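**Student:** There's a structure below that I have some questions on.
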Amino acid sequence: MQNFTNEPIDIAALPRYEAVNLNKLHSKYWKVILINILLVYTTITFSAVFGVIFIEELLDMALILGGLIVLLLFFTLFFAKISFNKRGFAFREHDVIFRNGIISTNTMVIPYNRVQHVAVHEGFISRFFGLAKVEIFTAGGNSSDIEIPGIAIEQAKNIKQLLMGKIQKQL
Numbered sequence: 002m003q004n005f006t007n008e009p010i011d012i013a014a015l016p017r018y019e020a021v022n023l024n025k026l027h028s029k030y031w032k033v034i035l036i037n038i039l040l041v042y043t044t045i046t047f048s049a050v051f052g053v054i055f056i057e058e059l060l061d062m063a064l065i066l067g068g069l070i071v072l073l074l075f076f077t078l079f080f081a082k083i084s085f086n087k088r089g090f091a092f093r094e095h096d097v098i099f100r101n102g103i104i105s106t107n108t109m110v111i112p113y114n115r116v117q118h119v120a121v122h123e124g125f126i127s128r129f130f131g132l133a134k135v136e137i138f139t140a141g142g143n144s145s146d147i148e149i150p151g152i153a154i155e156q157a158k159n160i161k162q163l164l165m166g167k168i169q170k171q172l
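According to our numbering, the sequence shown holds residues 2 to 172 in order.
As structure tokens, this is what we get:
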């Protein structure tokens, strides 16, 4: 019969995920973000213009509405750039790390033995720039646990192969 032990773990001796140098998203992904923002704000601007044309009461507010759209665009670009710069990922021997966030930083660490499925998605605009998104799924959910956008397509496919190999070793 074995003696049961439950010794405390020295927390200071645990490996620090913060010390890992994270890979940045591909620089072309910033262009994808800008095009997406441009498409959204073009739609908003056309809607506002048509609203002003067809609803006479809005004509007096056209300058205010235009100013609000420009101000909102400025804040969107500002926060999008901060978000782009703060995102990072790393694949280590036993886990994957993904960091994102604007005001608060979220860092997810998922051990490979928890990964159940991996998908690579190429959106229309991302594909034009040769980029893809890697989605990593664990048990118990319909959506992915980590979505890493802005990865070169070949690198994304290699990451998928790496993770699928890790999944196969678990079986």
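Glycine included, each C-beta is placed from N, C-alpha and C at the ideal position. Please read these numbers as outputs of a predicted model, since none were measured by experiment.
Does the separation of the CB atoms of residue 106 and residue 98 fall below 8 Å?
**Tutor:** no
**Student:** Return the first residue and the last residue of the alpha helix (DSSP H) that residue 6 is part of.
**Tutor:** Unbroken run through residue 6: none, as it is neither H nor E.
**Student:** Pull up the DSSP beta-bridge partners for residue 147, would you.
**Tutor:** 137
**Student:** Is residue 133 closer than 8 Å to residue 123 when the C-beta atoms are compared?
**Tutor:** yes
**Student:** Give me, in chain order, the residues of the same chain whose beta-carbon lies closer than 7 Å to that of residue 110; leave out the 5 immediate sequence neighbours on both sides.
**Tutor:** If you ignore the 5 residues before and after residue 110, its C-beta comes within less than 7 Å of the C-beta of 18, 96 and 98, all in its own chain and listed in chain order.
**Student:** Compute the Euclidean distance between the alpha carbons of residue 39 and residue 129, then round it to the nearest angstrom.
**Tutor:** 16 Å
**Student:** Comparing C-alpha positions only, which one of 29, 121 and 16 sits nearest to residue 161?
**Tutor:** 121
**Student:** Evaluate contact between the region 22–34 and the region 59–74, counting only Cβ atoms and requiring at least three cross-stretch pairs below 8 Å.
**Tutor:** no
**Student:** How is the beta strand (DSSP E) around residue 52 delimited, first residue to last?
**Tutor:** No beta strand (DSSP E) contains residue 52, which is instead part of the alpha helix (DSSP H) from 30–55.
**Student:** Please report the distance separating the alpha-carbon of residue 84 from that of residue 170.
**Tutor:** 35 Å
**Student:** Over what stretch of residues does the alpha helix (DSSP H) that includes residue 83 continue unbroken?
**Tutor:** Here the alpha helix (DSSP H) through residue 83 covers 63–87.
**Student:** Using the beta-carbon count (16 or more within 10 Å), is residue 131 buried or exposed?
**Tutor:** For residue 131, the number of other beta carbons within 10 angstroms of its own is below 16, and it is reported as exposed.
**Student:** Let's test the definition: count the other Cβ atoms within 10 Å of the Cβ of residue 88 and tell me whether it reaches 16, buried, or not, exposed.
**Tutor:** buried
**Student:** Measuring alpha carbon to alpha carbon, tell me which of 9, 145 and 37 ends up nearest residue 126.
**Tutor:** 37
**Student:** Beta carbon of residue 103, beta carbon of residue 80: below 8 Å?
**Tutor:** yes
**Student:** Sort 66, 32 and 167 by Cα distance to residue 92 and report the nearest one.
**Tutor:** 167
**Student:** Counting only the same chain and skipping the five closest in sequence on each side, list residues whose C-beta sits under 7 Å from that of residue 32.
**Tutor:** 130
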